[in-house]
Structure formats: structure tokens, C-alpha cells
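J.: Handing you a structure now.
There are 2 protein chains.
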Amino acid sequence: MKRIKLVVAYDGTEYCGWQVQPSGITVEEVLNRELSQLLGEKIQVVGASRTDSGVHSLGNVAVFDTNTRIPPEKLCYALNQRLPEDIVVQSSCEVERDFHPRKCYSEKTYEYRILNRKIPLPTLRRYTYFYYRDLDVAKMQRAASCLVGEHDFKSFCSVRTSVEDTVRTILSCTVERTAEDMVNIRVTGTGFLYNMVRIIAGTLILVGIGELEPEDMPGILQQRERSAAGPTAPAHGLTMIGIVYGGMG
Amino acid sequence: MKRIKLVVAYDGTEYCGWQVQPSGITVEEVLNRELSQLLGEKIQVVGASRTDSGVHSLGNVAVFDTNTRIPPEKLCYALNQRLPEDIVVQSSCEVERDFHPRKCYSEKTYEYRILNRKIPLPTLRRYTYFYYRDLDVAKMQRAASCLVGEHDFKSFCSVRTSVEDTVRTILSCTVERTAEDMVNIRVTGTGFLYNMVRIIAGTLILVGIGELEPEDMPGILQQRERSAAGPTAPAHGLTMIGIVYGGMG
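So the protein sequences, as listed, match chains A and B. Last residue of the first sequence: number 261 in this note's numbering, and the count goes up by one each step with no gaps. Last residue of the second sequence: number 261 in this note's numbering, and the count goes up by one each step with no gaps.
Printed below as a string of C-alpha cells:
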């Protein structure tokens, strides 16, 4: 028996998120089904980031245990033959038997992309959030830097969850205009609450249009109230970029 | 009666190209239908670039005549309300009554995007051609520069057309690695033959992998035979970037 780690990219448009649920097809479900058929064993993957419906990924991580004799590094090629074109495994390798994608220390990076122009572009509609009002990126960056460090992020957590400990650590949070009409928010942290990156994005947009000031951010954190922060930005602007594990792989 | 010029962006994935045809829905057809309903007149647009099935656009041009009293610059907003999300008109304005999108002098720019890495990325699959073999971009650039100028491009024209004069002028043709895994071919010219940019892309890819040399390009042009050039690269890698009219528009 060995434990295999997959790095999984997907276009989230057609999926009800990562985690298996009754209301529709999920990425986890497709992986379980295709791995089970490929390996002739009942496979149940464990994912690192349980992304929401519509969220994309370049590098989510999943692990599973198997008795297969397919070499671990080759497994992704065999699996990709069977997967639909909107899910592509980027790599596969063997990891330690005690490696757990959520419990082991990791640094996760997400990117929220805003198409900031007067008229939408159809070729970017699936992967960016179209927002037509001018954004003050310098102000957004000042607000973003207030989130770096260990904080209680209760104000940035969806109320549709019952998690008790809402303290998390953000290692970096940058806002950059990468093209004339594109604003990217990039957040790296060791753990995230439900909807946290999308609420951060929604709040930074309010700063960008002057409805909030960078100086308001410490107060928003202190209130520990979802209503203190901005709206939850739409899922399709968000991409899980990748996960780096501390020495584990 | 006035003549209106539209700049039209679209995701070509779901369309059988620009031009009305029996086998499926086209961009021209959707514009005709929605303009006719919006303006209460029978509208028939004339397009500049009759892009193939699956080709995308940031800036194709269409014109039509109308008696509407909607201000020309506002027309795009009213029209976009009715269009599907994969067609978005970027601007509308009045032009001279004798302006014709294909007959007036213009410089058209196309971009062919190649995702050049070992494993596909699902979020780019609709807008790039995935090609896994290493490409020598410096060689491709040298080959591309042989195409600049006025040449007989018969070797770069689909045989499924009966055009007689196959002389065209390319103003620039560049090949650039815009990211570690992205190679962009950008071509500007005053006119193009059927499939010409896709055949240029397919030929430059053969140069990139060493199956052709840059020095072969003049001979390929001289042969005036479709079989002398490389394959027609897939439509979904191609985007019509924009059209600049000489003083007209």
C-alpha cells in the first residue's frame, strides 16, 4: 500500500466545487470514479482545498492510498486519458504514509482576477470577475497589507459554517494591475476560512472604489462580524494557484 | 439612413464561425437577429474578417445601415443587453456612407497562441493550442520574418477556396515567448487568404521543432503549392485582435 499525491488543475465552471455533494457533479467525485476504474480498487481521494462551485485550480492537491503497480510518476498520464478535458492532473508522486493534505503544514496561494474595464471581454468571462468601476490599486494594496499576519478573520468568514477557531495566518496579500484592464489579488496563507479569499476580494474592491478606506481594515478585523466586511466576490474570479508543503512534498 | 460600425468581441467556441451558413449558428446571424429586433428594421451586417468556426475575436468589425434614432455611441450598450455572453460589442460609431469593412484599406492583426508545456491546463484549453514538444522560438522568429512583405501566399492558402489573386502583404510577423509556457505568433497584414494565419502557425511550429528550417521559407513561398507548407493549426488557438482602417474608421 502506498500513498499517492496528485496536483490537480481544473476549470471549475461546470462543477459544484470540489467536495462530493448531492446537488451536482464535483471534481472529487470525478477523480474517485476514474481512479477507481483505472486502478480496479475503491479509491477515495482526500483534497487539500475544498474549492467552491465555479472556482478554478492550477494546483489543488489530492492524496489517496493504492496497491497499484503503476509507477507513481506515470499515474497522472494514465489518469488524464480518462478524465474530461476540464480536469487535468499535473503530476503524481508517492508521499509518506502519514502525509495529509490538510493537516500537514502548508502554504496555499489563491489569485482573484478582476477584469477592470468599461465593457466585458467574452474570452475572459469564465476566469475573471468583470467590474467596470475604476479601482484605486494603490489603496487596495495598502488595505491588503493590513491583513498580513495572524489575525482573527471572523469578519471574513461566511456565516454558513460552524468553525470555532477563526484565527488564521496570511503570509502575503498583494494587489497588482498586471495589465491595463486586469487587477490581480494574490493571497498566500497557511489556512483559510470558508469564502475567506472571496470576502477579502469583495472588501478590497470596496476600498478600490472609495467606499472603504485602507484605515478601516483593522476595525473590520476587530469587529469579528461578517457584516463588517464587504460582499463575497463571485466564485469564477478565483483560482487556487498552488500549495507548498513544508518539507513533505 | 446612417452607417454604423461595430467592434465585435466573441468567444468562438460555440459558433460555426462568422458568416451565416446552413450547418449551425454563426456570429453574424446572432448580430443580424438581435439588431433587427432591437431596431425594428431588417438588419444585415457586413463583416470585416469572416473568421472560421472556433476562432475568437477581440476586435472584428461589422457595419450596417439603419434609420434608428438611438445615438450611434449608445447603440452598443442596448445591443449588449440582448446578446449572449459570448458576444460583446466593444464600441459603436457612425462612419461615412461609403465605408466598407473589407474594401477599405485596413491593417488586420491576428494572434495565434500556443500553450507549450508537457501537460495541458484546463483553464486555457478554449483559447490556446496545446503543443507539448519544445519550440525553438528564435528559429520560428527567423522563419516568420521571411513572410513579411508582399508575396504570393498560395502555399499558405486552403485548397478549399477558389480565390485567384493570392498575392498579399504582411506588415509584421513576430514570434514571442510571453510566458515560460506560452508562445504567441502575431501577424499584421492588409489582407489574408482562407486559413492563411493558421497555416503560417502550423508551418512555424514545424520550424520550432526542427522539421523545417528558417531557410526553407522562401522555397515554400516559391512553390505556390499548399502541400509545401505545414499543417493548418487548430482554430481555437487563433484570435482576431483588431483592425485599423486608414483614416476611415
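Note that CB positions come from ideal geometry on N, CA and C, so glycine has one too.
(1) Are residue 67/A and residue 250/A close, meaning C-beta to C-beta below 7 Å?
(2) Quick one: what's got a C-beta closer than 6 Å to residue 136/A's C-beta in the same chain, skipping five residues either side?
(3) Using a Cβ-Cβ cut-off of less than 7 Å, list which residues of the stretch 96 to 127 of chain A approach chain B; keep chain order.
(4) Just how far apart, CA to CA, sit residue 61/B and residue 72/B?
(5) Would you mind working out which of 69/B, 37/B and 77/B sits nearest residue 52/B, comparing C-alpha positions?
(6) Report the neighbours of residue 37/A on chain B: residues whose CB is nearer than 8 Å to its CB, in chain order.
(7) Select from the stretch 16 to 30 of chain A all residues with a C-beta closer than 7 Å to any C-beta belonging to chain B, and list them in chain order.
(8) Buried or exposed for residue 21/A, going by 16 or more other Cβ atoms inside 10 Å?
(9) Does the beta carbon of residue 137/B sit closer than 7 Å to a beta carbon anywhere in chain A?
(10) Would you mind reading off the limits of the alpha helix (DSSP H) that contains residue 155/B?
(11) Measure the C-alpha to C-alpha separation of residue 202/B and residue 117/B and round it to an integer number of angstroms.
(12) Count the CB pairs spanning the stretch 175 to 193 of chain B and the stretch 93 to 113 of chain B that are closer than 8 Å, and state whether there are at least three.
(13) With a CB to CB cut of under 7 Å and the five nearest residues on each side skipped, what residues in its chain are close to residue 240/B?
(14) Taking 7 Å as the threshold (beta carbon to beta carbon), is residue 68/B in contact with chain A?
(15) Could you list which residues in chain B have their beta carbon closer than 9 Å to that of residue 262/A, in chain order?
(16) Measuring alpha carbon to alpha carbon, tell me which residue in 196/B, 39/B and 145/B is nearest residue 156/B.
(17) Could you give the uninterrupted runs of the beta strand (DSSP E) lying entirely in the stretch 137 to 220 of chain B, keeping only those of 3 residues or more?
(18) Say whether the stretch 207 to 223 of chain B touches the stretch 139 to 155 of chain B, bearing in mind that this needs 3 or more beta-carbon pairs closer than 8 Å, one atom from each stretch.
(19) Going by DSSP, which residues form a beta bridge with residue 74/A?
(20) If you run the structure through DSSP and keep just helix, strand and coil, what is residue 112/A?
(21) Alpha carbon to alpha carbon, how far is residue 91/A from residue 85/A? Give it in angstroms, no decimals.
(22) Do residue 246/B and residue 141/B have their CB atoms nearer than 7 Å?
(23) Rounded to whole angstroms, how far is the Cβ of residue 139/B from the Cβ of residue 125/B, which I believe are closer than 8 Å?
(24) If distances are taken between C-alpha atoms only, which option among 28/A, 40/A and 230/A comes closest to residue 18/A?
(25) Locate the alpha helix (DSSP H) running through residue 48/A, then write down its first and last residues.
(26) Going by Cα to Cα distance, which pick from 163/B, 57/B and 106/B is closest to residue 181/B?
(27) With DSSP as the reference, identify every bridge partner of residue 130/B, one or two as the case may be.
(28) Got a sec, what are the start and stop residues for the beta strand (DSSP E) residue 252/B sits in?
(29) If you draw a straight line from the C-alpha of residue 82/B to the C-alpha of residue 108/B, how long is it?
(30) Just confirm the distance between the C-beta atoms of residue 212/B and residue 133/B, as a whole number of angstroms; I'd bet it's less than 8 Å.
(31) Taking buried to mean at least 16 other C-beta atoms within 10 Å of its own C-beta, is residue 46/B buried or exposed?
(32) Do you know whose CA, among 198/A, 184/A and 183/A, lies nearest residue 190/A's CA?
(33) What residue range is occupied by the uninterrupted beta strand (DSSP E) comprising residue 102/A?
(34) Answer with yes or no whether the minimum CB distance from residue 243/A to chain B is below 7 Å.
(35) I want to see whether chain A comes within less than 7 Å of residue 134/B, judged by CB atoms only; does it?
(36) Quick one: what does DSSP say residue 239/B is sitting in, helix, strand or coil?
T.: Working from what's here:
(1) One-based indexing of the first sequence puts residue 67/A at position 55. One-based indexing of the first sequence puts residue 250/A at position 238. Taking 7 Å as the Cβ cut-off, residue 67/A and residue 250/A qualify as a contacting pair.
(2) Locating residue 136/A in the first sequence gives position 124, where the first residue counts as 1. Closer than 6 Å at the Cβ level, and outside the excluded window around residue 136/A, lie 127.
(3) 97, 98, 99, 100 and 102
(4) Position 49 of the second sequence, counting from 1, holds the residue named residue 61/B. Position 60 of the second sequence, counting from 1, holds the residue named residue 72/B. When rounded, the distance between both Cα atoms is 6 Å.
(5) To locate residue 52/B, count along the second sequence from 1; it is residue 40. It is 77/B.
(6) On the first sequence, position 25 is the one that residue 37/A refers to. What residue 37/A touches in chain B: nothing, since even the nearest Cβ is about 15 Å away.
(7) 21, 22 and 23
(8) Reading the first sequence from its first residue, position 9 is the one you call residue 21/A. The residue is buried, with at least 16 neighbouring Cβ atoms inside 10 Å.
(9) Position 125 of the second sequence, counting from 1, holds the residue named residue 137/B. Chain A, which has a Cβ nearer than 7 Å to the Cβ of residue 137/B, makes this yes.
(10) Looking up residue 155/B in the second sequence gives position 143. Residue 155/B -> alpha helix (DSSP H) spans 149 to 157.
(11) Looking up residue 202/B in the second sequence gives position 190. Looking up residue 117/B in the second sequence gives position 105. When rounded, the distance between both Cα atoms is 7 Å.
(12) no
(13) Numbered from 1 along the second sequence, position 228 holds the residue referred to as residue 240/B. Closer than 7 Å at Cβ, skipping near neighbours: 167 and 232.
(14) Here residue 68/B is taken as the residue at index 56 of the second sequence, counted from 1. Yes, contact with chain A.
(15) Not covered by the structure: residue 262/A. The range shown for chain A is 13 to 261.
(16) Counting from 1 along the second sequence, the entry for residue 156/B is found at position 144. The option with the nearest alpha carbon to residue 156/B is 196/B.
(17) 161 to 164, 179 to 191 and 194 to 201
(18) yes
(19) Start at 1 with the first residue of the first sequence, and residue 74/A comes out as number 62. Beta-bridge pairing links residue 74/A to 18/A and 59/A.
(20) For the purposes of this step, residue 112/A is taken as residue 100 along the first sequence, with counting starting at 1. In the structure shown, residue 112/A sits in coil (DSSP, three-state: anything other than H, G, I, E or B).
(21) By one-based count along the first sequence, residue 85/A stands at place 73. By one-based count along the first sequence, residue 91/A stands at place 79. The straight-line gap from Cα to Cα measures roughly 11 Å.
(22) Within the second sequence, the letter at position 234 stands for residue 246/B. Within the second sequence, the letter at position 129 stands for residue 141/B. For residue 246/B and residue 141/B, yes; Cβs fall inside 7 Å.
(23) Your numbering for residue 139/B matches position 127 in the second sequence. Your numbering for residue 125/B matches position 113 in the second sequence. With a Cβ gap of about 7 Å, residue 139/B and residue 125/B count as contacting.
(24) For the purposes of this step, residue 18/A is taken as residue 6 along the first sequence, with counting starting at 1. Selected option, being the one with the closest Cα: 40/A.
(25) One-based indexing of the first sequence puts residue 48/A at position 36. Start and end: 39 to 51.
(26) Residue numbering aside, residue 181/B sits at position 169 when the second sequence is read from its first letter. Taking only the C-alpha atoms, the option nearest residue 181/B is 163/B.
(27) Against the second sequence, residue 130/B aligns to sequence position 118. Note: residue 130/B sits in no beta bridge, so no partner.
(28) As a working note, residue 252/B is residue 240 in the second sequence. Run containing residue 252/B: 250 to 257, per the beta strand (DSSP E) assignment.
(29) One-based indexing of the second sequence puts residue 82/B at position 70. One-based indexing of the second sequence puts residue 108/B at position 96. Cα to Cα, residue 82/B sits roughly 17 Å from residue 108/B.
(30) Sequence index remark: in the second sequence, residue 212/B carries index 200 (1-based). Sequence index remark: in the second sequence, residue 133/B carries index 121 (1-based). In fact, because the Cβ distance is near 24 Å, the residues do not count as touching under 8 Å.
(31) As a position in the second sequence, residue 46/B is number 34, starting the count at 1. Counting Cβ neighbours within 10 Å, residue 46/B comes out buried, since at least 16 surround it.
(32) Walking along the first sequence from the start, residue 190/A turns up at place 178. Out of 198/A, 184/A and 183/A, 198/A has the C-alpha closest to the C-alpha of residue 190/A.
(33) Translated into the one-based positions of the first sequence, residue 102/A becomes position 90. 99 to 107 is the span of the beta strand (DSSP E), which, as asked, contains residue 102/A.
(34) One-based indexing of the first sequence puts residue 243/A at position 231. No, residue 243/A does not count as interfacial toward chain B.
(35) To locate residue 134/B, count along the second sequence from 1; it is residue 122. Yes, contact with chain A.
(36) Working through the second sequence from its first residue, we reach residue 239/B at position 227. DSSP places residue 239/B in helix when its eight states are reduced to three.
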